[in-house]
Structure formats: C-alpha cells, structure tokens
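Colleague:
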Amino acid sequence: MDRAWHFVECVMRTQSRTCGRARRRVLLVVYCLAPFAILLSLGTWQLLRLREKLHVIETMHMNPVILPAGDLRTYAYRTVKLQGAFQGTKHIRVFAGKMGYYFLQPFSLVDGRHILVNRGVFAGAALDNTHGAGAQPASGIGTAPGTHDADVRSATGAGIIPGDVRDADVRAVSGVLHCKLRSLSRWIVRNNPKENLWFWFDINDMSEYVGLPDLEPCILWGDHTTVAGRLSANPALKIRNDHLEYTITWYSLALIWCLGYVYRIYRAR
C-alpha cells in the first residue's frame, strides 16, 4: 500500500513540474508575442500613413484644375483655379507665428458659391484701413500719413478690408485647397471672433463672422495671384512626412524584441 501511494505521489509531482514548465513557457510566449504584435502593428500603421502622405504630395504637384463642384474635401491639397471676385467689407486674421497674420477674405465664385481665400501674410496686427488704394505706409507697419496706430489696430481688429487690398473686380485666382483644418491648437487656445483674432481655422465660426453661412468647408491657400497691397505671398503649404522614419523605428524595435526572446529561450536551454 505504501509503495502504491508513493508511486501516485511521484506521478503527481512529475505532472506538477511538467505543468509548471508548460505554464511558464506559455507565459513567456505571450510575454513575447503581445509587445511584438503591438510594435508590428504600429510599424504597419505608419507604413499606411506613409503611402497616404506620398499620395497627398503627389496630388499637390498635379496640374491646376478649375474648382470642381461637389464636396471639395475629396479634392484636398489639389491646386485649383477660381473665377470670381473678393467680396465683403471684413477680413479674418489668423495668427501665423513670427510671420504675423494670415489675411483671409471671402471670395464669390461666378457660379454662386463662396469660399475663404488666404490671400497672404501681413507683419504685425495693423493694416491701413482709413485710406483708399494707393495709400502708402509711413514709419511703422500698416500706418499711413495722418493716422494713428491705435486707430489702425482698432479698424484691423474689426476686420475692415484695407483700402489698398480691397478689390471687387472679377478675376482669376489660384491656390491649393486646404481642407484638413482641425488643429491641436483648439485644445490649447480659443479663437476670439470679437477681436478678429484667430489661432486656428474654424469654418463654422468664420462663416458667421463674415455673414456667409454657405461657405465651402475648405480654404484656398492662395498663391501670388491673391496678393495685393502690403500683403506678402503665403509660404508654401507643406506636408510633414516623417512616417518612413517612424516605420523603420517600430519595425526595428519589433525585430529587437523578437531577437531578445530567441536569446532568452536559447539561454534557458
């Protein structure tokens, strides 16, 4: 009887040790595969983003086309031509960092649609709003003879179109359709429509500000054809593309992790 019980006890101990080793192996495999799968997924995601960015860059270098009908967001980053006239008595100024401010103005197309056009950049917060076309600035940005800086800044804050930029004639302009307007800045700083001070593009609020509820959901990033008066040409709309570096990084980490697992198994044996 004692021998039989001893035999059963030995079998149970052997099974327990075997189960323990099997459990450790399973945990080790899971410990390896979970991070490896995550790193591999991140690398694949960046690879897909790389293909998307390359397509966007290729789109920006296509030949210009007449602004199409329908949802303009399907033509994002495409260079387009518009026929129409700038309208309204208000402009929108969007903070552009060290360059100053972007100058946005509604543009009425000959087919009745309306779109905001980023006409260019002006340095500082002030433009001359008290003189007509041909008024020349004196010392100080945006100041014409007989005006005071405070008056000019007040008028600019109200969004009044400067005289030397005002142009209601029908004309052709061109630029790149900028449709992805959401910015992380909206979580950091708020726009101030009352002072005509904007930090990111908000089409809904901008539509209300200029009194055109039917504005297109994209902004035309104007080229030299939209510049007038003291405005400077817009910087080229650049698309950041670091996805190749990110892809290499994630795939490299996945490979290193996998090699580390193989080395661990080899050492265990």
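Using this note's numbering, read the sequence shown as starting at 452 and increasing by one per residue. Where is the CB? At the ideal position from N, CA and C, for every residue including glycine. Bear in mind that the values here come from a model prediction, so they are computed numbers and not experimental data.
Residue 505: beta carbon under 6 Å from a heavy atom of the ligand HEM?
Modeller: The ligand HEM is not part of the structure shown, which contains no ligands of any sort.
Colleague: In the DSSP assignment, find the beta strand (DSSP E) that holds residue 667 and state where it starts and stops.
Modeller: Your numbering for residue 667 matches position 216 in the sequence shown. Its beta strand (DSSP E) spans residues 666-673.
Colleague: Flag this pair as touching only if the segment 515-532 and the segment 694-701 have three or more C-beta atom pairs under 8 Å; answer yes or no.
Modeller: These segments do not touch.
Colleague: Quick check: the Cα distance between residue 446 and residue 649, rounded to an integer number of angstroms?
Modeller: Residue numbering for the chain in the displayed model covers 452 to 720; residue 446 lies beyond these limits and cannot be assessed.
Colleague: For residue 680, count the other beta carbons within 10 Å of its own beta carbon; 16 or more makes it buried, fewer makes it exposed. Which is it?
Modeller: For the purposes of this step, residue 680 is identified with residue 229 of the sequence shown, where counting begins at 1. Buried: at least 16 other Cβ atoms inside 10 Å.
Colleague: Quick check on the DSSP output: what are the complete beta strand (DSSP E) runs of length 3 or more inside the segment 529-568, in order along the chain?
Modeller: 530-537, 543-546, 552-560
Colleague: On the three-state DSSP scale, how would you describe residue 573?
Modeller: Mapped onto the sequence shown, residue 573 falls at position 122. In the structure shown, residue 573 sits in a strand (DSSP, three-state: E or B).
Colleague: Can you name, in chain order, every residue of its own chain whose Cβ lies under 8 Å from the Cβ of residue 641, other than the five neighbours on each side?
Modeller: Translated into the one-based positions of the sequence shown, residue 641 becomes position 190. So the qualifying residues of the chain are 650.
Colleague: Just how far apart, CA to CA, sit residue 713 and residue 483?
Modeller: Along the sequence shown, one-based indexing puts residue 713 at 262. Along the sequence shown, one-based indexing puts residue 483 at 32. If you draw a straight line from the Cα of residue 713 to the Cα of residue 483, it is about 9 Å long.
Colleague: So the alpha helix (DSSP H) residue 658 belongs to, where does it begin and stop?
Modeller: Along the sequence shown, read from residue 1 onward, the residue named residue 658 stands at position 207. Residue 658 -> alpha helix (DSSP H) spans 654-661.
Colleague: What are the start and end residues of the beta strand (DSSP E) that includes residue 622?
Modeller: Counting from 1 along the sequence shown, the entry for residue 622 is found at position 171. Here the beta strand (DSSP E) through residue 622 covers 622-629.
Colleague: Quick one, are the C-beta atoms of residue 554 and residue 710 less than 7 Å apart?
Modeller: The count along the sequence shown starts at 1 and reaches residue 554 at position 103. The count along the sequence shown starts at 1 and reaches residue 710 at position 259. No.
Colleague: For the putative contact between residue 627 and residue 528, defined by C-beta atoms under 8 Å, what is the C-beta separation to the nearest angstrom?
Modeller: Here residue 627 refers to the residue found at position 176 when the sequence shown is read from its first residue. Here residue 528 refers to the residue found at position 77 when the sequence shown is read from its first residue. Contact holds; Cβ gap of about 6 Å.
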